[in-house]
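Student: Per the working numbering, the very first residue in the first sequence carries number 3; after that it's consecutive.
Glycine residues also receive a C-beta, built at the ideal position from the N, C-alpha and C atoms.
Let me give you the structure first, and then I'll get to my questions.
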Amino acid sequence: MLYRAPRGTSDILPQEQAYWRYIEQKVAEIAELYGYERIDAPAFEDTKLFARSVGEDTDIVKKEMYTFEDRGGSLLTLRPEGTAPVCRAYLEHGMKNLPQPVKLYYIASIFRYERPQAGRYRQHYQFGYEAIGDDDPALDGEVIDMAWQFFLSVNLRSLSLQLNSIGCQKCRPNYVAALKGYYASHTQELCSDCKTRLKRNPLRLLDCKKPSCQMVADSAPRSIDFLCPECADHFSRLKRYLQLLDLPFVVNHHLVRGLGYYTRTVFEIQPEEGGAQSTLVGGGRYDDLIEELGGKPTPALGFAAGIERIILNLKKQKVAIPTLAKPRVFIAYLGDEAKEGAIKLASALRGAGIGVIEALGDKSLKAQLRQANNLDVRYAVIIGEQEIKAGTVILRDMTSAQQKSVPVSQLQGLLK
RNA sequence: GUGAGUGUCGCCUAGCGGUCUAAGGCGCCAGGUUGUGGCCCUGGAGAACGAGGGUUCAAAUCCCUCCACUCACCCCA
Numbered sequence: 003m004l005y006r007a008p009r010g011t012s013d014i015l016p017q018e019q020a021y022w023r024y025i026e027q028k029v030a031e032i033a034e035l036y037g038y039e040r041i042d043a044p045a046f047e048d049t050k051l052f053a054r055s056v057g058e059d060t061d062i063v064k065k066e067m068y069t070f071e072d073r074g075g076s077l078l079t080l081r082p083e084g085t086a087p088v089c090r091a092y093l094e095h096g097m098k099n100l101p102q103p104v105k106l107y108y109i110a111s112i113f114r115y116e117r118p119q120a121g122r123y124r125q126h127y128q129f130g131y132e133a134i135g136d137d138d139p140a141l142d143g144e145v146i147d148m149a150w151q152f153f154l155s156v157n158l159r160s161l162s163l164q165l166n167s168i169g170c171q172k173c174r175p176n177y178v179a180a181l182k183g184y185y186a187s188h189t190q191e192l193c194s195d196c197k198t199r200l201k202r203n204p205l206r207l208l209d210c211k212k213p214s215c216q217m218v219a220d221s222a223p224r225s226i227d228f229l230c231p232e233c234a235d236h237f238s239r240l241k242r243y244l245q246l247l248d249l250p251f252v253v254n255h256h257l258v259r260g261l262g263y264y265t266r267t268v269f270e271i272q273p274e275e276g277g278a279q280s281t282l283v284g285g286g287r288y289d290d291l292i293e294e295l296g297g298k299p300t301p302a303l304g305f306a307a308g309i310e311r312i313i314l315n316l317k318k319q320k321v322a323i324p325t326l327a328k329p330r331v332f333i334a335y336l337g338d339e340a341k342e343g344a345i346k347l348a349s350a351l352r353g354a355g356i357g358v359i360e361a362l363g364d365k366s367l368k369a370q371l372r373q374a375n376n377l378d379v380r381y382a383v384i385i386g387e388q389e390i391k392a393g394t395v396i397l398r399d400m401t402s403a404q405q406k407s408v409p410v411s412q413l414q415g416l417l418k
């Protein structure tokens, strides 16, 4: 084989498309229900947009971006996440002049140069909802509710909703300092990865998977104990609203999220029987991001969900999804004259909204019907020399194997 | 970037140093007489055995390198 899809990418084949259609429809339905409108940003952006927003020190920026220089010398990057482009669009189009918050959603391909494994791809798809321009915890509740309702609507069950608050610019430094202090006295118990995390990104110490590090993390200071009064109030009101909505969240003190821009609320949704790359939804508040990108201080939040991972779980849970429509009629013909009749008939039927597949070439009727059978079509319409003369066709029901001669004029009605 | 496992027709699998210019099943195509499918029967197309180097009289079968896939780590949806 000369060419294959690049590593970490894959073709979404016809037999998979029903899942994609299903999810895209649900995403749009939920959006409509909550008043979110679709936005499609370009697949690549100025590299600096992601470097600034995601955080220079994150792995995404340091080693996972598809960055290239175009012929004009601009440094561009295939989007490694969906939030920054939406924020850029918010600023670029002056959306602060719209009624706030501005509520947007997207479905987009995402590119990250990582080693592929179960549930992780170099090109994959995420959808996300973003609400920009309000800091009311009720908005946090709404966004989390949307994520939860989405999964209810696609019939995925046994999910867990994890919640935490990591504070704001004012209170988080105190927490990080306390965390560092705590970990400094436990360095000898840490794995080598955690030793570097202690220097680079102390918050990430909390979700190391190694059991020995988990033990250390279990007794570590908790972010919610260091929240400033405003953040603490925000968090407790959010929890109140989530209770009102009957959302079964659990506060996870180890949940910190990887992207650099999060403030206050962070949350994830994952299967209860979680494997390695199992997180279905990750999101949270990013109150400083718009300002960081050059706008006025503007609170905002959102989440992103991985579509391939959702499909993986739909299959695992054997969720029944609607099948895609396909033509119900196959037209077979015998001879050149009949072929011309078949071409005209197919066109007329399609004009009436009836899906039709035509035979091709100069095959035996047997071969044509075999094809009809393989196409899993409901009816075969057969046209031969006799039918052309008589102005009729043979209508064959492929499931019952009953067939009868009918006038062409009546065919359309019989196929409805 | 690290570690482990895998790599034979579109799919699944047999072969594990000579009988393999590779076998079977599914699928695909065509026939089984004159204008008819799905079952059955017959036939056909389709892989130089991931790629490139070795070892050997001889390699799909042994060795090396690379590539890809799968899973895990890092990280993340």
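If distances are taken between C-alpha atoms only, which option among Val379, Arg90 and Leu163 comes closest to Gln423?
Tutor: Within the shown structure, residues of the chain are numbered from 3 to 418, placing residue 423 beyond reach of any answer.
Student: Excluding the 5 residues preceding and the 5 following Ile396 in the sequence, name in chain order all residues of the same chain whose CB lies nearer than 6 Å to its CB.
Tutor: Contacts found: Ile384, Gln405 and Ser407.
Student: Roughly how many angstroms separate the alpha carbons of Ala110 and Asp42, rounded to a whole number?
Tutor: The straight-line gap from Cα to Cα measures roughly 7 Å.
Student: Please classify Gly353: does DSSP put it in a helix, a strand, or coil?
Tutor: Note: Gly353 maps to helix in three-state DSSP.
Student: Less than 8 Å between the CB atoms is what I'm expecting for Trp150 and Leu249, so what's the real figure, rounded?
Tutor: With 8 Å as the limit, Trp150 and Leu249 qualify as a contact, their Cβ atoms being about 5 Å apart.
Student: With DSSP collapsed to three states, give me the class of His95.
Tutor: DSSP places His95 in coil when its eight states are reduced to three.
Student: So for Val283, helix, strand or coil by DSSP?
Tutor: In this structure, Val283 counts as strand in the three-state DSSP scheme.
Student: Applying the 10 Å Cβ sphere with the 16-neighbour rule, what's the burial state of Pro103?
Tutor: Answer is buried; the Cβ neighbour count reaches 16.
Student: Checking 7 Å against the spacing of the C-beta atoms, do Ala374 and Glu360 come in under that value?
Tutor: Not closer than 7 Å, so no.
Student: List the endpoints of the continuous alpha helix (DSSP H) containing Phe52.
Tutor: Run containing Phe52: Thr49 to Val56, per the alpha helix (DSSP H) assignment.
Student: Going by DSSP in three states, Tyr5 sits in which element: helix, strand or coil?
Tutor: Three-state DSSP puts Tyr5 in coil, outside helix and strand.
Student: Please confirm whether Thr267 and Gly135 have their CB atoms less than 7 Å apart.
Tutor: Going by C-beta atoms, Thr267 is not nearer than 7 Å to Gly135.
Student: Any heavy atom of the ligand GDP closer than 6 Å to the CB of Ala140?
Tutor: The ligand GDP is absent from the structure shown, which contains no ligand whatsoever.
Student: Which runs of the alpha helix (DSSP H), 4 residues or longer, sit entirely within the stretch 239-298?
Tutor: For the stretch 239-298, whole alpha helix (DSSP H) runs of length 4 or above, ordered along the chain, are 291-294.
Student: Does DSSP put Arg23 in a helix, in a strand, or in coil?
Tutor: DSSP places Arg23 in helix when its eight states are reduced to three.
Student: Can you round the beta-carbon distance between Pro273 and Leu106 to whole angstroms, since I take them to be within the 8 Å contact cut?
Tutor: Contact doesn't hold; Cβ gap of about 27 Å is too wide.
Student: On the three-state DSSP scale, how would you describe Arg199?
Tutor: Of the three classes helix, strand and coil, the one that applies to Arg199 here is helix, per DSSP.
Student: Check whether the Cβ atoms of Ala334 and Ala382 lie closer than 7 Å to each other.
Tutor: Cβ atoms of Ala334 and Ala382: closer than 7 Å.
Student: Just checking my contact of Pro204 with Lys172 at CB under 8 Å: how many whole Å lie between their CB atoms?
Tutor: That belief does not hold up - the Cβ atoms of Pro204 and Lys172 are roughly 18 Å apart, past 8 Å.
Student: According to the neighbour-count rule (16 or more other Cβ atoms, all chains shown, within 10 Å of its Cβ), is Met3 buried or exposed?
Tutor: Per the 10 Å Cβ criterion, exposed.
Student: Applying the 10 Å Cβ sphere with the 16-neighbour rule, what's the burial state of Pro139?
Tutor: Looking at its Cβ environment, which holds 16 or more other Cβ atoms inside 10 Å, Pro139 is buried.
Student: Work out the CA separation of Ala180 and Ile226 for me, nearest whole Å.
Tutor: Cα to Cα, Ile226 sits roughly 12 Å from Ala180.
Student: Would DSSP call Ser1 helix, strand or coil?
Tutor: Residue 1 lies beyond the residue range present for the chain, which begins at 3 and ends at 418; the question has no answer from this structure.
Student: Assign Asp399 to one of three DSSP states: helix, strand, or coil.
Tutor: Asp399: strand per DSSP, three-state reduction.
Student: Spatial neighbours of Glu144 within its chain, please: CB distance less than 8 Å, with the 5 preceding and 5 following residues excluded, ordered by chain position.
Tutor: Excluding sequence neighbours, Glu144 sits near Tyr36 and Ala133.
Student: Starting from Leu141, trace the alpha helix (DSSP H) in both directions and tell me its first and last residue.
Tutor: That run of the alpha helix (DSSP H) goes Pro139 to Ser155.
Student: Pick from Val331, Glu275, Arg242 and Gln388: whose alpha carbon is nearest that of Val379?
Tutor: When only C-alpha atoms are compared, the closest one is Val331.
Student: Quick check on Glu339: does DSSP put it in helix, strand or coil?
Tutor: Reduced to three states, the DSSP call for Glu339 is helix.
Student: What did DSSP end up calling Arg117 once you bin it into helix, strand or coil?
Tutor: It is coil, neither helix nor strand.
Student: Is Arg380 helix, strand or coil by DSSP?
Tutor: Arg380: coil per DSSP, three-state reduction.
Student: In three-state DSSP terms, what is Tyr131?
Tutor: Residue state, collapsed to three classes: strand.
Student: With a threshold of 8 Å, are at least 3 pairs of Cβ atoms found where one atom belongs to the stretch 312-326 and the other to the stretch 12-31?
Tutor: They touch, by the three-pair rule.
Student: What's the C-alpha gap between Leu200 and Arg224?
Tutor: Those two C-alpha atoms are separated by around 16 Å.
Student: Determine the DSSP secondary structure at Leu192, reduced to helix, strand or coil.
Tutor: Three-state DSSP puts Leu192 in coil, outside helix and strand.
Student: Tell me whether the beta-carbon of Phe269 lies closer than 7 Å to the beta-carbon of Leu165.
Tutor: For Phe269 and Leu165, yes; Cβs fall inside 7 Å.
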